[in-house]
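Residue numbers for the sequence shown follow my numbering, so the first one is 3 and each next one is one higher.
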Amino acid sequence: MLRLSVLLLLSLFIRSQEYLEYSHPFHPTVSDKGMVVTQNYIASDIGAEILSKGGNAVDAAVAVGFALTATLPRAGNIGGGGFMLIYDAKNETIVSLDFRSMSPELATPDVYRIDGEHQSSLSRSGYKAIAVPGTVDGLFTAHELYGSMDIKDLIQPTIDLCIEGIPVTPDLYGAIHNTETLTNDAESSKVYLDESVKVGGKIKLLDLAETLIKIRDEGKDAFYLGEIADKIENAMIENGGLIRKSDLAKYKTNITQPISIDYRDKIIFAQGPPSGGGVVILTAMQILKNFDYSDLKPNSAQYLHILAEALKYGHQNRSKFIGDPNFYPAPIEDILSDENNARKAKEINFKKTTSSDRIDRVTRSIESRYKESEDTTHFSIIDEEGNAVSVTYTLGYSFGSGVTIPGTGILTNSQMNNFSSQYGISDSISRSTSPANKLEPFKRPMSTMSPVMVFDENGKLELITGSPGGSKIPAINLQVILNVIDFDLDIGLATMMPRIHQDWPYSSLQVEKTLNNDTKRLLETYGHKPKESKTMGSTQSIQIKDGLNFGFADLRRPDAKVSVQK
């Protein structure tokens, strides 16, 4: 009888308790401390450790920038380049660093042509594909502007890691053995394709450690003027490459202001030229703010249709107008004007796709040969004081050109491929023929990379984000931003919603395989031709809300992590 009474009381107690049901399974990491979100767990931990030692967001970004060179060799780099947005919370200012790779003096279109035809193999892999790297100068410039710790202490963790060995995860092993260009270079094969490189083992990067020791002790001059520059030039001359010490000595990071717009009650900052990615994002948002789709869902066919149409105009702008601003100043104010984009919004039909012909009034005559790699990486950082950094940088294709400079451990980029290779060959209107992005010596190629920061109307930071993904980067970043602003999703769900990508002048709409099949069929009724993509990008984001930081590392790629300051 007693046992029955106890069971009865227990059942009543259980029924009186509410079951805590979560709205979705994608839970952000929450903290009031500094936070680092990267595509590699070791790099995230290194950045968080710098914050724990009293470093600021820029200190952590410098440490992470060097760490990813070792831990994510297919994209992290000191042999490539990228963009960085820095928010100084004390002074409430934001600055952009352009450390994009630069074409060497010897680079001309004829170098990459045989019988008047562009040879893409020359600009995608091997020594001629390599542009002058900007990352080392970019990281040092960021530190010179805002760093608080000794830069030696920011490079040392990566040196230690290179000597101890980089853990070989299934993702790293798979990336190595899925990159054919590594087999074409003796030095890369020696480092990454040795029989000892196995899942669960480690890769010791002793040459890279020695390179980083020189940079640690001698500063960036070791890379651009000293012994490292000598080794780069010697390898170039021996292998038909184009970079010389004079090119390296000439390299300088451009310190600029990001481009921005007002959207709803927010202020959106993105990377300006030579990034075309920021132009795509902000163009699309300028168009979309003319629509009220608050009663739609972020994975509904009608919303995705409107989004895809807006992206066409954004990609048209980057294809026609964006290149290195020192060679071809883009009409940014006109491109992003309210009046211009309100007119474009009126062209969008709610039930029918807009043709490329209608958008540009010119029919494309050849298929574009301009290809953009998806092997880039992004990281986002915030410190306890509210200073923040958003960085996207790349080697281009996976493991860049496939070339490792002998005696340095430096994997090099394939950024010479990002110029408009058909300029002067064809009269058609396409990205590959854009005069804004034609190849010229000392020029930086157009890119879709665009780190992003979002502020409220009072100038309070609310979101830091960015992604790899090649030409898909603008759509990826845009959807995360809109999911947060327009659909009020937390950063976990905003990240994991199915994604789309719509380029210009291409006709096919790309959709992630997780998008509902009924939605795909509805998109077809609008005139879209959905092509399935397994995954798109890997956003690393921090949302700031009610004094707390909510970090989320995209689940689309393994080994990413949110690390928190101790």
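Just so it is clear, CB atoms sit at the ideal spot from N, CA and C, and this is done for glycine as well.
Remember, predicted model here, so these are calculated numbers, not experimental data.
Among all the DSSP beta bridges, which residues are the ones paired with Ile324? DSSP lists no partner for Ile324.
Cα-Cα separation between Leu309 and Ala91, rounded to whole angstroms: Spanning the two alpha carbons is a distance of roughly 33 Å.
Please report the Cβ distance between Asp34 and Gly549, rounded to the nearest whole angstrom; I am assuming they are in contact, meaning their Cβ atoms lie under 8 Å. 6 Å
Short check: CB of Ile161 to CB of Ala211, under 9 Å? Yes. Within cutoff.
Confirm, please, whether the CB-CB distance from Ser469 to Asp556 is below 9 Å. yes
Using 9 Å as the threshold, is the C-beta distance between Thr414 and Ser400 below it? no
Under a three-way DSSP split, which group does Phe115 fall into? A small fix is needed here, since residue 115 is Arg in this sequence, not Phe. Three-state DSSP puts Arg115 in a strand.
For Ser565, count neighbouring Cβ atoms within 10 angstroms of its own Cβ and tell me buried if that reaches 16, exposed if not. buried
Let me know the secondary structure DSSP gives Gly398 once reduced to three states. Of the three classes helix, strand and coil, the one that applies to Gly398 here is coil, per DSSP.
Short of 6 Å in beta carbon distance, which residues of its chain neighbour Leu11, apart from the five on each side in sequence? Order them along the chain. Annotation note: pLDDT 45 at Leu11 (below 50); position unreliable, no value reported.
Cβ atoms of Thr527 and Arg559: under 9 Å apart, would you say? no
Proximity of Ser436 and Phe323 at Cβ, strictly below 9 Å: yes
Determine, using beta-carbon pairs with one atom in the stretch 304-320 and one in the stretch 336-351, whether at least three such pairs fall under 8 Å. The way I'd put it, the stretch 304-320 does touch the stretch 336-351; three or more beta-carbon pairs between them come closer than 8 Å.
Does the stretch 57-65 come close enough to the stretch 143-153 that 3 or more CB-CB pairs lie under 8 Å? yes
Entirely within the stretch 238-283 and at least 4 residues each: give me those alpha helix (DSSP H) ranges in chain order. You should have 247-252.
Run of the alpha helix (DSSP H) containing Lys627, from where it starts to where it stops: Missing from the structure shown is residue 627; the chain here goes from 3 to 568 and no further.
My output table needs one value for Arg371: the three-state DSSP class, helix, strand or coil. In this prediction, Arg371 scores a pLDDT of 46, lower than 50, which makes its location untrustworthy; the coordinate-derived value is nonetheless stated afterwards. DSSP places Arg371 in coil when its eight states are reduced to three.
Run through the DSSP bridge pairs and tell me what Phe552 is partnered with. Val32 and Gln545
Express the C-alpha separation of Gly176 and Gly67 in angstroms, rounding to a whole number. 22 Å
Rounded to whole angstroms, how far is the Cβ of Gly81 from the Cβ of Phe101, which I believe are closer than 8 Å? With 8 Å as the limit, Gly81 and Phe101 do not qualify as a contact, their Cβ atoms being about 12 Å apart.
Under a Cβ-count criterion, where at least 16 other Cβ atoms within 10 Å of its own Cβ denotes burial, should Asn518 be classed as buried or exposed? Asn518 should be labelled exposed.
What does the Cβ neighbour count give for His530, buried or exposed, with the cut at 16 atoms within 10 Å? buried
At 4 residues or longer, and completely inside the stretch 128-189: list those alpha helix (DSSP H) runs for me, N to C. 137-148, 153-166 and 172-179
Is Phe15 helix, strand or coil by DSSP? With a pLDDT of only 47 at Phe15, under the threshold of 50, the placement of this residue in the model should not be trusted; the figure read from the coordinates follows. Correct three-state label for Phe15: helix.
Among Ile546, Gln417, Ser302 and Asn460, nearest to Thr516 - alpha-carbon criterion: For Thr516, the nearest C-alpha among the options comes from Ser302.
Would you mind reading off the limits of the beta strand (DSSP E) that contains Met498? Bounds of any beta strand (DSSP E) do not take in Met498; it lies within the alpha helix (DSSP H) bounded by Ile493 to Met498.
Going by other Cβ atoms of all chains shown within 10 Å of its Cβ, with 16 needed for buried, is Tyr24 buried or exposed? exposed
In the DSSP assignment, what are the bridge partners of Lys440? In DSSP, Lys440 forms no bridge with anything.
Hey, how far is the Cα of Pro443 from the Cα of Arg246? 12 Å
Same chain, Cβ closer than 8 Å to His120, neighbours up to 5 away in sequence not counted: So the list reads Pro111, Tyr114, Arg371, Ser423, Gln424 and Ile427, once near-sequence residues are dropped.
Give the range of the alpha helix (DSSP H) segment to which Glu335 is assigned. Ile334 to Ile337
What did DSSP end up calling Val193 once you bin it into helix, strand or coil? Here Val193 sits in helix by DSSP.
If you reduce the DSSP assignment to three classes, tell me which class Phe329 lands in. Assignment of Phe329 by DSSP, reduced to helix, strand and coil, places it in the coil class.
Between the CA atoms of Leu174 and Asn319 - distance to the nearest angstrom: 36 Å
Could you name the residues of the same chain whose beta carbon sits closer than 8 Å to that of Asp336, not counting the 5 residues immediately before and after it, in chain order? Asn342
Cβ neighbours of Ile478 in the same chain (closer than 8 Å, five flanking residues each side left out): If the five residues before and after Ile478 are omitted, its C-beta is found closer than 8 Å to the C-beta atoms of Ser469, Gly471, Arg501, His503, Met538, Gly539 and Thr541, all from its own chain and listed in chain order.
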